[in-house]
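Number of protein chains: 2
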Amino acid sequence: MTAAPALLDALRQTVGAAHVLTEGDLTAWEQDWRRREHGRALAVVRPASTAEVAAVVRACAASGTPIVPQGGNTGLSVGSTPDASGTAIVLSLARLNRVRGIDVGNLTMTVEAGCILQTLQQTAAEAGFLFPLSLAAEGSCTIGGNLATNAGGTQVVRYGNTRELCLGLEVVTAQGEVWDGLSGLRKDNTGYDLRNLLIGSEGTLGIITAATLKLFPQPVAKLTAWAAVPSMEAAVQLLGLAHRHLGAGLTGFEVMGRFALSLVVRHMPQLRVPFADLEGAPWCVLLENSDSESEQHARERFEHLMELAFEDGCVLDAVVAESIAQARELWHVRESIPLAQAEEGLNIKHDISVAASRFPAFVAHTDALLAREVPGARLVTFGHLGDGNLHYNVQAPEGGDAAAFLREQEPRVNELVYDAVAQFGGSFSAEHGVGRLKAHTLAHYKSPVALSMMRAVKQALDPQGILNPGCVLLK
Amino acid sequence: MTAAPALLDALRQTVGAAHVLTEGDLTAWEQDWRRREHGRALAVVRPASTAEVAAVVRACAASGTPIVPQGGNTGLSVGSTPDASGTAIVLSLARLNRVRGIDVGNLTMTVEAGCILQTLQQTAAEAGFLFPLSLAAEGSCTIGGNLATNAGGTQVVRYGNTRELCLGLEVVTAQGEVWDGLSGLRKDNTGYDLRNLLIGSEGTLGIITAATLKLFPQPVAKLTAWAAVPSMEAAVQLLGLAHRHLGAGLTGFEVMGRFALSLVVRHMPQLRVPFADLEGAPWCVLLENSDSESEQHARERFEHLMELAFEDGCVLDAVVAESIAQARELWHVRESIPLAQAEEGLNIKHDISVAASRFPAFVAHTDALLAREVPGARLVTFGHLGDGNLHYNVQAPEGGDAAAFLREQEPRVNELVYDAVAQFGGSFSAEHGVGRLKAHTLAHYKSPVALSMMRAVKQALDPQGILNPGCVLLK
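Sequences listed follow chains A and B, in order.
Per my numbering: the first sequence = residues 995 to 1469.
Per my numbering: the second sequence = residues 995 to 1469.
And the structure:
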């Protein structure tokens, strides 16, 4: 064990003294996005290249110093900030922010981990292509963090999670070696799938420094519709119809509960929420149709779908946006739900998934359970029904002491919801990952056989346990 | 170490004496598909359930007996047959052949490892859906083998490899425990991606006993076109146009070299090969367009694409099939190349990938290299250009002694081709996997860092080394 001062000297020599931060306000690196925890770092280290990352890891390995890799620090599960011990360094990838290249003929781009997601969307668009990953934090999250957490977002129904958008990785191992697994290959069956093992491992098995990502042709037209549906069953039925009649054109399918929308009406009176008061419509659905042909074609397909849905009785009323501005407004309503919810007060958030076909039964069961067990709790239910992913959030009772509600009820509400999720074969973390926040939840709900395989893999790749300890797997 | 007789007794008690084969002709299990190796098994064991598989593995683990898992035994890399030592059992998954369920609302089906691929295609079709995995051996290969080798095939450009079609696995570990990772979830970020680690691990990390697979809506129409192109550059340009104008409708994009097609003309005179003699057209391309709308719409889109391609000069002539029968004929020509090649005589097969954009330079470089270094060798080049996957096969010189050519030249030809592939950032095994056949090739070409991570993972999950030893990683 090297003493901390010797390590800090070594790090300063590696990345330059200006990029080893130990003084002043380090809140931006030490506190998680949702401000649930404020830890303390031995230092914030900001290497500028893969070679520097590797050297930093070797120095930490030599001294047994824990490393917390960090991208934009926008994660929702406390996976990229240090604990309170002050023994770990935060390794920020922010300075690795070059686009290394775009291969137009291969529909790929190779980028460094610290690139901001929105920058990559723009880079792709300027080259005439689409990089479809899209999520609320896109203005500040980094692609390295997206990969480390296998981020989801709004386009998953068509393009998959971040995992599905990545063809190759460059990774610094726990030993400080560089694995150059960058590759634009769509087929490569030469050995174990290390790429996918690293993706979603939240910095606990290696540090992603660069990636080769898939690009897609830009759709010629993108249309958005908003439909009021009589039940969750009808929403699932509409999803099936949309798959059948839009094919791969279906790029978005979001569901929103009536109470969630009522919060938008209450707190954002300037927004127009279609069908917010329509009788017999407990849910609304937002659909997006991307077309490789023309706007007119997209509109015809959408109108055909809606006609069929009316006939089948799974849609009560629907509107197709007439302009890009109108489409943006509809998406804006959907995206305003979390903010409206925050305006309403504190709440308990869940990021769960179940099979789309089991959504109706899951919601009926769990709504009733909470109504019985947690009287007054209000359910803010919305999410990516197309991927089976719900944000099933629980708002404190109207007019009550929300802080007290959270303090007293959060563990119990989580247990009720996660038990129900498990009962319906679902996941307690669909897209937000585990981090340190849900490491106990993982230990409780994950199959013991899977946990034991995960621990064996962790031990194999990081025998010293220096990579993001306590994240995903408990220490 | 239990003596073999005690183990065999235990296995007979577990699966029934009728399903522990030790006598008679075991060639079907002991010899690989391409008849490159005929090994010897201690026994062929045919459990009927996951519990029986687990019990067999526990018995083998207790006695340190190697296990070679086997599906349809149609692999091309000698990954599912035993070596000559007679110490390993072949564990056939063939009797685990139930479709456990179809979830129409979730677009998934859960099936056992021994299900024949074609049966699953039919099962999906009968429920009104598409299971898109399609490859030459589909009449006898099993989904377990497809998953264990991450099989590719002809629809990868749209639907991905087997990996992309799987949402969850049931696996028996090297310790004989059952990991129930069956899941129809499209989003689940609860820990390491064990599913993808197992997929493509060729039975060396665990034994896949069941899987939950994605279903897709059946396309309403499927059209096939055949285009003569002036160069490989033009073929890649056409691929870009097809991506842009057909979007996700592009479900097939195969390239065939002139010599490959001439072998079909020579050996299958009953087949009509379009543009086989067209001047200035060294390559032909087969395109498939799947449409969720109508045949007329598919045809209009195809014709629009071809007009643009003519204007751009990347297509010299093209024909769109007028009927399903004609489309089948075109596919039949493409699929007849391997057989025509076999009729022509012995040859050296390669299953390689490079980035689509580097195909022209790769082919120019490697063709010239082989012409110089292996005079008279004839190149049978064809494959899935849409995925960057070529079967770059080398036929013995016209009229020469093909057997002698193979004996004398195969190692050298492989070295030339694989060195060139490495130089162009490609893979020496795009879709056929490593098996025991290419374990030495993997050891030579794979990055040492990746190999060391792979060995660590293998040691972690199978510390006794009983699962398919010598496959993928050298013993």
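Glycine included, every Cβ here is placed at the ideal spot set by N, Cα and C.
Opening and closing residue of the beta strand (DSSP E) in which residue i lies
| i | result |
| --- | --- |
| ILE944 of chain A | Outside the displayed range of chain A (995 to 1469) lies residue 944 of chain A, so it cannot be described from this structure. |
| MET1250 of chain A | 1244–1251 |
| THR1104 of chain A | 1102–1106 |
| THR1220 of chain B | According to the sequence displayed, residue 1220 of chain B carries Trp and not Thr. Element bounds for TRP1220 of chain B: 1215–1223. |
| TRP1325 of chain A | Per DSSP, TRP1325 of chain A belongs to no beta strand (DSSP E); it is in the alpha helix (DSSP H), 1318–1338. |
| GLU1164 of chain A | 1160–1166 |
| THR1375 of chain A | 1372–1378 |
| PRO1063 of chain A | 1061–1064 |
| ALA1037 of chain B | 1037–1039 |
| ALA1130 of chain A | Counting along the chain, ALA1130 of chain A falls outside any beta strand (DSSP E), and DSSP gives it neither H nor E. |
| TYR1386 of chain A | 1383–1389 |
Interface residues of chain B facing residue i [CB-CB closer than 9 Å]
| i | result |
| --- | --- |
| LEU1191 of chain A | TYR1186, ASP1187, LEU1188, ASN1190, LEU1191, MET1447 and VAL1451 |
| ASN1091 of chain A | Result: empty, since nearest Cβ-Cβ is about 23 Å, beyond 9 Å. |
Range of the contiguous alpha helix (DSSP H) that encloses residue i
| i | result |
| --- | --- |
| ASN1140 of chain B | 1137–1143 |
| SER1421 of chain B | Careful: SER1421 of chain B lies outside any alpha helix (DSSP H) and carries neither H nor E. |
| LEU1207 of chain B | Looking at the DSSP string, LEU1207 of chain B is not in any alpha helix (DSSP H); the run it does join, the beta strand (DSSP E), is 1201–1208. |
| PHE1269 of chain B | It is not in any alpha helix (DSSP H) - PHE1269 of chain B carries neither H nor E in the DSSP assignment. |
| ASP1361 of chain B | 1353–1367 |
| TYR1439 of chain B | 1433–1439 |
| GLU1305 of chain A | 1289–1306 |
Proximity winner among the options, relative to residue i (alpha-carbon distances)
| i | options | result |
| --- | --- | --- |
| HIS1326 of chain B | B:MET1250, B:LEU1244, B:ALA1303 and B:ASP1395 | B:MET1250 |
| ASP1097 of chain B | B:GLY1065, B:LYS1208, B:ALA1042 and B:GLN1115 | B:LYS1208 |
| ASN1190 of chain B | B:ILE1342, B:GLU1323, B:LEU1163 and B:HIS1344 | B:LEU1163 |
| GLY1095 of chain A | A:GLY1382, A:LEU1114, A:LEU1445 and A:PHE1376 | A:LEU1114 |
| THR1104 of chain B | B:LEU1161, B:GLU1046, B:ALA1450 and B:GLU1402 | B:LEU1161 |
| SER1286 of chain A | B:HIS1298, B:ASP1413 and B:LEU1280 | B:HIS1298 |
| GLN1417 of chain B | B:ARG1352, B:GLY1370 and B:ASP1456 | B:ARG1352 |
| GLN1403 of chain B | B:PRO1213, B:ASP1381, B:LEU1431 and B:ILE1342 | B:ILE1342 |
| ALA1088 of chain A | A:GLU1106, A:THR1075, A:VAL1072 and A:ASP1077 | A:GLU1106 |
| GLU1031 of chain B | B:GLU1017, B:GLN1007, B:SER1071 and B:LEU1015 | B:SER1071 |
| THR1068 of chain A | A:PHE1123, A:GLY1427 and A:TYR1186 | A:GLY1427 |
| LEU1015 of chain A | A:PRO1211, A:ALA1450 and A:ILE1083 | A:ILE1083 |
| LEU1410 of chain A | A:ILE1318, A:MET1448, A:ARG1366 and A:GLN1453 | A:ARG1366 |
| THR1102 of chain A | A:ALA1303, A:LEU1176 and A:ASN1462 | A:LEU1176 |
| HIS1385 of chain B | B:MET1447, B:TYR1412 and B:PRO1457 | B:TYR1412 |
| ALA1270 of chain A | A:LEU1281, A:ALA1011 and A:PHE1253 | A:PHE1253 |
| PHE1304 of chain A | A:ALA1229, A:GLN1389, A:LEU1431 and A:TYR1439 | A:ALA1229 |
Residues that residue i contacts on chain A, provided the C-beta gap is smaller than 9 Å
| i | result |
| --- | --- |
| SER1351 of chain B | ASP1097, VAL1098, GLY1099, ASN1100, LEU1101, THR1102 and GLY1178 |
| TRP1277 of chain B | Here the premise fails: no neighbours, minimum Cβ distance about 16 Å. |
Proximity below 8 Å, CB of residue i to CB of residue j
| i | j | result |
| --- | --- | --- |
| LEU1005 of chain B | SER1057 of chain B | no |
| ALA1424 of chain A | ASN1183 of chain B | yes |
| GLY1146 of chain B | ASN1408 of chain B | no |
| GLY1080 of chain B | LEU1036 of chain B | yes |
| PRO1224 of chain B | ALA1275 of chain B | yes |
| VAL1166 of chain A | ALA1048 of chain A | yes |
| ARG1040 of chain A | SER1086 of chain A | yes |
| GLY1246 of chain B | VAL1151 of chain B | yes |
| ALA1444 of chain B | LEU1188 of chain A | yes |
| GLY1178 of chain A | THR1206 of chain A | yes |
| ALA1334 of chain A | LEU1257 of chain A | yes |
| THR1143 of chain A | GLY1073 of chain A | yes |
| ASN1387 of chain B | VAL1374 of chain B | yes |
| TYR1186 of chain A | VAL1451 of chain B | yes |
Contacts of residue i in chain B (Cβ-Cβ under 8 Å)
| i | result |
| --- | --- |
| ARG1238 of chain A | PRO1211 and SER1286 |
| ASP1381 of chain A | ARG1180 and LYS1181 |
| THR1143 of chain A | ASN1183 |
| PHE1422 of chain A | THR1184 |
Chain A contact residues for residue i, given Cβ-Cβ distances below 7 Å
| i | result |
| --- | --- |
| GLU1425 of chain B | LYS1181 and ASN1183 |
| LYS1440 of chain B | THR1184 and GLY1185 |
Neighbour list for residue i in chain B, Cβ cutoff strictly below 7 Å
| i | result |
| --- | --- |
| ASP1174 of chain A | SER1441 |
Assess, as a yes-or-no matter, whether the stretch 1259–1271 of chain A is touched by the stretch 1195–1207 of chain A under the definition of 3 or more beta carbon pairs within less than 8 Å.
The stretch 1195–1207 of chain A is not in contact with the stretch 1259–1271 of chain A.
Does the stretch 1212–1225 of chain B come into contact with the stretch 1020–1039 of chain B, if we say contact requires no fewer than three beta-carbon pairs (one atom in each stretch) closer than 8 Å?
No, the stretch 1212–1225 of chain B does not touch the stretch 1020–1039 of chain B.
I want to know whether the stretch 1132–1146 of chain B touches the stretch 1006–1022 of chain B - three or more CB-CB distances under 8 Å.
no
contact_flag[the stretch 1368–1382 of chain B, the stretch 1226–1238 of chain B] where n(CB pairs < 8 Å) is 3 or more:
yes
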